[in-house]
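K.L.:
Numbering (my numbering), first residue to last: 28 to 286.
Here it is, written out as structure tokens:
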């Protein structure tokens with residue numbers, strides 16, 4: 028349909044246009060959840076509920092749109108969308124469950140306004156990724172390098188997801204100790220960087236960009252960088268300010284030995 032093609036085109040353009048403003052804004056103003064949580068952003072909900080709500084479009088909208096794509100019957104489209112769905116099954120279902128089971132953690136309410144903004148982004152992004160994989164990628168049979176791109180990207184994606192999930196488990200586990208407050212992580216890659224979870228997620232979506240080899244995959248990778256790189260920087264400063272000499276001054280924000 029011409030109307031859907033127009034919507035897809037302008038949605039993709041719009042996502043590219045908000046990358047730089049997002050980076051600049053988050054460089055100076057951090058979204059007030061987690062370590063940066065503070066009052067003044069309106070009503071709040073519990074973090075597990077917020078994560079489930081704001082990440083959910085990546086599952087239900089993707090599954091709703093996928094059968095209507097002209098490539099729906101092509102097995103390659105199912106292979107391609109599977110890593111995307113795997114990541115968001117963890118982020119939408121498993122991660123909130125891990126948070127909800129942590130009875131020892133201090134209550135950190137999540138602003139509804141931030142959850143709604145994240146919901147909007149995921150709605151837009153899920154539409155773009157699902158429609159491109161199932162409909163607008165029309166060269167599956169002509170793409171002689173499809174499996175090479177898929178397997179190389181999948182390797183990067185799996186390494187990133189394993190790192191992302193492991194780091195999240197370490198951070199949630201620390202809150203189960205003692206009074207449930209924040210502590211300085213000191214295991215493996217945490218000795219080198221403050222936020223290996225963010226590094227892992229950026230690796231995931233770089234792998235996705237390689238797998239899809241598309242403007243749609245690339246914009247998701249760029250937006251992830253615009254969102255997480257400033258937040259990793261802010262997290263490092265937060266640890267330095269809160270824990271002072273207890274936090275290693277040479278520990279980088281996100282990329283070992285570099286940043």
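Glycine residues also receive a C-beta, built at the ideal position from the N, C-alpha and C atoms.
Restricting to runs no shorter than 3 residues, where is the beta strand (DSSP E) found entirely within the stretch 227 to 280?
P.N.:
DSSP runs (the beta strand (DSSP E)) wholly in the stretch 227 to 280: none.
K.L.:
Just mark residue 28 as buried or exposed, buried being the case when its beta carbon has 16 or more other beta carbons within 10 Å.
P.N.:
When all chains shown are included, residue 28 counts as exposed.
K.L.:
In terms of residues, what are the limits of the alpha helix (DSSP H) holding residue 110?
P.N.:
From DSSP, the alpha helix (DSSP H) with residue 110 extends over 102 to 116.
K.L.:
What are the boundary residues of the alpha helix (DSSP H) that residue 82 is part of?
P.N.:
Counting along the chain, the alpha helix (DSSP H) containing residue 82 begins and ends at 74 to 82.
K.L.:
Please look up how many angstroms separate the CB atoms of residue 212 and residue 190, rounded, as I've assumed it's under 8 Å.
P.N.:
Residue 212 to residue 190, Cβ: 13 Å. No contact.
K.L.:
Answer with yes or no whether the minimum CB distance from residue 277 to chain C is below 8 Å.
P.N.:
Here there is only one protein chain, and chain C is not present.
K.L.:
For residue 220, which residues does DSSP report across the bridge?
P.N.:
Residue 220 pairs with 279.
K.L.:
Measure the C-alpha to C-alpha separation of residue 43 and residue 202 and round it to an integer number of angstroms.
P.N.:
Distance between the alpha carbons of residue 43 and residue 202 is about 37 Å.
K.L.:
Quick check on the DSSP output: the alpha helix (DSSP H) that includes residue 156 runs from which residue to which?
P.N.:
Segment 139 to 158, the alpha helix (DSSP H) holding residue 156.
K.L.:
So is residue 114 buried or exposed if we call it buried at 16+ other beta carbons inside 10 Å?
P.N.:
Buried.
K.L.:
Checking 8 Å against the spacing of the C-beta atoms, do residue 279 and residue 220 come in under that value?
P.N.:
In contact: residue 279 and residue 220 (Cβ atoms closer than 8 Å).
K.L.:
Kindly indicate the opening and closing residues of the alpha helix (DSSP H) around residue 177.
P.N.:
Taken as a continuous stretch (DSSP letters only), the alpha helix (DSSP H) holding residue 177 covers 173 to 202.
K.L.:
Under the criterion of a Cβ to heavy atom distance below 7 Å, does residue 189 qualify as lining the ligand NAD?
P.N.:
With respect to the ligand NAD, the structure offers nothing, as it holds no ligand at all.
K.L.:
Which same chain residues, not among the five before or five after residue 89, have their C-beta less than 6 Å away from its C-beta?
P.N.:
Cβ within range, chain order: 153 and 157.
K.L.:
If contact is defined by three or more beta carbon pairs under 8 Å, each pair taking one atom from either stretch, is the stretch 50 to 63 in contact with the stretch 92 to 100?
P.N.:
No, the stretch 92 to 100 does not touch the stretch 50 to 63.
K.L.:
Let's see if you can read the secondary structure: which residues bound the alpha helix (DSSP H) around residue 55?
P.N.:
Counting along the chain, the alpha helix (DSSP H) containing residue 55 begins and ends at 46 to 55.
K.L.:
Taking only the alpha-carbon atoms, compute the straight-line gap between residue 218 and residue 35 and give it to the nearest angstrom.
P.N.:
In a straight line, the C-alpha of residue 218 is about 43 Å away from that of residue 35.
K.L.:
Here's a check: name, in chain order, each residue in its chain whose Cβ is nearer than 8 Å to the Cβ of residue 192, leaving out the five neighbours to either side.
P.N.:
117 and 227.
K.L.:
Our contact map puts residue 179 next to residue 237 with C-beta atoms below 8 Å; I'd like the distance itself, whole angstroms only.
P.N.:
Contact holds; Cβ gap of about 6 Å.
K.L.:
Going by Cα to Cα distance, which pick from 273, 247 and 262 is closest to residue 41?
P.N.:
Residue 247 is the option with its Cα nearest to residue 41.
K.L.:
I believe residue 126 touches residue 74 by the beta-carbon criterion, under 8 Å. Please report the beta-carbon distance rounded to the nearest angstrom.
P.N.:
Their Cβ separation, rounded to whole angstroms, is 6 Å, which keeps residue 126 and residue 74 in contact under 8 Å.
K.L.:
Between which two residues does the alpha helix (DSSP H) carrying residue 209 extend?
P.N.:
Element bounds for residue 209: n/a, residue is neither H nor E.
K.L.:
Could you tell me the distance, in whole angstroms, from the CA atom of residue 92 to the CA atom of residue 84?
P.N.:
C-alpha separation (whole angstroms): 11 Å.
K.L.:
Just the Cα atoms here: how many angstroms apart are residue 284 and residue 216?
P.N.:
Whole-angstrom Cα-Cα distance: 11 Å.
K.L.:
Taking the continuous alpha helix (DSSP H) assigned at residue 167, which residues delimit it?
P.N.:
It is not in any alpha helix (DSSP H) - residue 167 carries neither H nor E in the DSSP assignment.
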